[in-house]
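Asker: Residue numbers (the UniProt record's numbering): 1 to 153. What follows is a structure written as structure tokens; I'll ask about it next.
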């Protein structure tokens, strides 16, 4: 079998229902013929240890280069639009301050002046460093959805 045809994940997914011996790989002596899912995972991990598979990063790049390039272009356009937007907002802010206008509305938009203020924030990193036990006691897990970070260089 040519393992270089597969990424590690592709190979395992395709052979999920098989045993390593079905593809001429060594099995652990504790095999229970698929009765214990955890043992099967350990057996597979042991069987493919040291096998060189196709590089998943290269496969990803080959399959997604156009999509990635489209995202790069969209990010560059977004950055240009955002810079222009920020500049326009700064100009409007200055004009509202000059004329003492707090709110302006018409049938297309409304703009409100929000005064600057000073607030306080909690330095959780410093608190965690100085009081790790208390930090742990009052911390609770938060679930974050999967996402990507994309940066145009």
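Don't be surprised by glycine CBs; every beta carbon is placed ideally from N, CA and C. Just so you know, these numbers come straight off a predicted model, no measurement behind them.
#1: Could you check what DSSP says for residue 126 in three-state terms: helix, strand or coil?
#2: State the Cα-Cα distance for the pair residue 132 and residue 139, rounded to the nearest angstrom.
#3: Tell me where the beta strand (DSSP E) around residue 104 begins and ends.
#4: Taking the alpha helix (DSSP H) that residue 59 falls in, what are its first and last residues?
#5: Is the distance from the Cβ of residue 112 to the Cβ of residue 103 below 8 Å?
#6: Whether or not the segment 43–54 and the segment 12–23 are in contact is what I'm after, with contact meaning three or more pairs of Cβ atoms, one per stretch, closer than 8 Å; do they touch?
#7: Please specify which runs of the alpha helix (DSSP H), each continuous and at least 4 residues long, are wholly inside the segment 5–61, giving them in chain order.
#8: What does the Cβ neighbour count give for residue 141, buried or exposed, with the cut at 16 atoms within 10 Å?
#9: Here's a check: name, in chain order, each residue in its chain whose Cβ is nearer than 8 Å to the Cβ of residue 92, leaving out the five neighbours to either side.
Answerer: Quick answer:
#1: helix
#2: 10 Å
#3: 103–105
#4: 56–99
#5: yes
#6: yes
#7: 8–14 and 37–48
#8: exposed
#9: 111
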